[in-house]
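The numbering used here applies: residue 25 is where the sequence shown begins, and numbers increase by one.
Quick reminder that beta carbons are idealized off the backbone N, C-alpha and C, glycines included.
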Amino acid sequence: MQKKLFKKIDTYKPVVIDLQTHMIACPAVSPHSGGLGENAKAAYLLSVLKAMKFDEVSVINVKDSKAKDGVRPNIVAKYYGKDRKKTLWVMAHMDVVPPGDLSLWKTDPFKAVVKGDKIYGRGSEDNQQGLVSGLLAVKAMMDLGVRPPCNYALLLNADEEIGSTYGIVPLLKKHGKLFGKEDAFLVPDGGNPQGSMVEIAEKNMLWLKFTVSGKQTHSSTPHSGNNAHRAGAHLVVKLGDLYKKFNKKDALFAPESTSTFEPTKKEANVPNVNTIPGTDVFYLDCRVLPCYTNEAVLAEIAKINKTIEKQFKVKVKVEKLMGESSKPTDKNALIVKLTQAAAKAVYKNNPRALGVGGGTVGAYLRNAGYPVVVFSKLDDMAHQPNEYSSIKNTLGDAKVFTLVALNFK
Ligand SMILES: [Zn+2]
Numbered sequence: 025m026q027k028k029l030f031k032k033i034d035t036y037k038p039v040v041i042d043l044q045t046h047m048i049a050c051p052a053v054s055p056h057s058g059g060l061g062e063n064a065k066a067a068y069l070l071s072v073l074k075a076m077k078f079d080e081v082s083v084i085n086v087k088d089s090k091a092k093d094g095v096r097p098n099i100v101a102k103y104y105g106k107d108r109k110k111t112l113w114v115m116a117h118m119d120v121v122p123p124g125d126l127s128l129w130k131t132d133p134f135k136a137v138v139k140g141d142k143i144y145g146r147g148s149e150d151n152q153q154g155l156v157s158g159l160l161a162v163k164a165m166m167d168l169g170v171r172p173p174c175n176y177a178l179l180l181n182a183d184e185e186i187g188s189t190y191g192i193v194p195l196l197k198k199h200g201k202l203f204g205k206e207d208a209f210l211v212p213d214g215g216n217p218q219g220s221m222v223e224i225a226e227k228n229m230l231w232l233k234f235t236v237s238g239k240q241t242h243s244s245t246p247h248s249g250n251n252a253h254r255a256g257a258h259l260v261v262k263l264g265d266l267y268k269k270f271n272k273k274d275a276l277f278a279p280e281s282t283s284t285f286e287p288t289k290k291e292a293n294v295p296n297v298n299t300i301p302g303t304d305v306f307y308l309d310c311r312v313l314p315c316y317t318n319e320a321v322l323a324e325i326a327k328i329n330k331t332i333e334k335q336f337k338v339k340v341k342v343e344k345l346m347g348e349s350s351k352p353t354d355k356n357a358l359i360v361k362l363t364q365a366a367a368k369a370v371y372k373n374n375p376r377a378l379g380v381g382g383g384t385v386g387a388y389l390r391n392a393g394y395p396v397v398v399f400s401k402l403d404d405m406a407h408q409p410n411e412y413s414s415i416k417n418t419l420g421d422a423k424v425f426t427l428v429a430l431n432f433k
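Encoded structure:
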């Protein structure tokens, strides 16, 4: 059966091109990034899914006053298995990021261009490659009249690129009945060119804004003020101590196997050279291993701030811009083992379960208690100009998902 399904998938190259061409022509950029949203793309996909042999197709609209029709669509398409109590979900997102500087594109970002194995266009890889693979896996089963042991479902989300406020977050909160206790998720929205990375965990994200307040004055008389920039610079250096305090390693996370604490953005202070700045603002991006909590990091930062406040007689204010914690998926979970085995069978490689620096939708699902694997074979073109997807990888991943579906029970 596996051989027949793989052979069928090998005939789907024209289907890949057709699906990609239609989707690339719908610029599904978030209305919060000045775009039109996912509605046109969702309407096209609904027509495709309804023409297939799904047992259930439905749309969950999430209200968004900024969107053209006032809603952001999320699509569920389910193909029943022999046991209907348990579902393998393949989750992909419909939204795309803006094309960015158009002069860097060699082709129109919203018109598909096929060159050999590559299909160029915004969204072709992120996340349409995974979406198409997920769709072709079930198409092959339908075309050959195969029912998997458990349900196979596509979950096509809105709003992944800027926080999932109108996507998976409200779906988990308000539509909890959608998902069964024993369900598992495959998220084809990250991976490497070898198809050897099975992502099962991510670090906790913690984004902080630091505002150091001193007193502005003329730079010829610094003692009449208090230089916030100098205090801020010392604070940045002192925050490097976080690396010593939170120094555990976790081999699951490669190549960055420790927590990281990096000063990133710096706001402009005074516009001229001869003024002592009274305010200094910078940002810290922390990626914390799951063995630590964000609260422990914040407590340590509060201590560091106190020493700087005392030494430089300034005030330090910390604001949390983002703080997401994520439980890892067990590396022995069925979905992990099945994905590793399937990738190995298709790509003849040695897939490893790994953790990443953070920031995928996997975190929401894992925190809700579901096992999640993020997997694709891709060239990492996401968000880049001249984004493309590989037809070969699309078909290869469709085979991987089919194999997982056949063994998920
Ligand atoms: Zn993506």
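- Sequence-distant Cβ neighbours of Asp88 in its own chain, meaning closer than 6 Å and more than five residues away, are Arg96 and Tyr190.
- Relative to ligand 1, Ala406 has its C-beta within less than 7 Å of a heavy atom.
- Tyr176 and Arg390 have their C-alpha atoms spaced approximately 19 Å apart.
- Placement of the Cβ of His117 at a distance of less than 7 Å from at least one heavy atom of ligand 1 is found.
- Across the set Phe277, Gly59, Thr282 and Ala52, the C-alpha of Thr282 shows the shortest separation from the C-alpha of Lys269.
- The alpha-carbon separation between Pro314 and Lys416 amounts to approximately 35 Å.
- In this structure, Glu184 has its CB closer than 7 Å to one or more heavy atoms of ligand 1.
- For Asp309, the distance from the CB to the nearest heavy atom of ligand 1 is not below 7 Å.
- Pairing Leu70 with Ala257, the inter-Cα distance amounts to about 54 Å.
- Between Ala101 and Val81, the CB-CB gap stays under 8 Å.
- Approximately 5 Å separates the beta-carbon atoms of Ala366 and Val428; this is inside 8 Å, confirming the contact.
- The beta-carbon distance between Leu276 and Gly187, rounded to whole angstroms, is 26 Å. This is too long to meet the 8 Å contact definition.
- When Lys330, Ser349 and Asp107 are compared, the shortest CA-CA separation from Ala225 is found for Ser349.
- At a threshold of 7 Å, Asn151 counts as near ligand 1, since its beta carbon sits closer than that to one of the ligand's heavy atoms.
- For Arg96, the enclosing beta strand (DSSP E) covers residues Val95 to Tyr103.
- In this structure, the C-beta of Asp403 stays at least 7 Å away from each heavy atom of ligand 1.
- In terms of CA proximity to His199, Val83 leads the group Ile332, Met47 and Val83.
- Close CB contacts of Ala252 within its chain, under the 7 Å cut and outside five residues either way in sequence, are with Val236, Ser237, Gly238, Pro301, Gly302, Thr303, Asp304 and Val338 (chain order).
- Judged by DSSP secondary structure, Pro295 falls outside any beta strand (DSSP E); it is assigned neither H nor E.
- For Asp34, the shortest C-beta to heavy atom distance toward ligand 1 is 7 Å or greater.
- In this structure, DSSP gives Ala208 an extended state, which the three-state scheme calls strand.
- Here the distance from the Cβ of Asp421 to the nearest heavy atom of ligand 1 is not below 7 Å.
- Taken from the Cβ of Asp213, at least one heavy atom of ligand 1 lies inside 7 Å.
- Tyr388 and Pro395 have their C-alpha atoms roughly 11 Å apart.
- Per DSSP, reduced to three states, the secondary structure at Asn417 is helical.
- Contact check for Ala164 and Thr426: beta-carbon distance about 6 Å, within the 8 Å limit, so the pair qualifies.
- At a Cβ-Cβ threshold of 8 Å, Leu112 and Phe432 count as neighbours.
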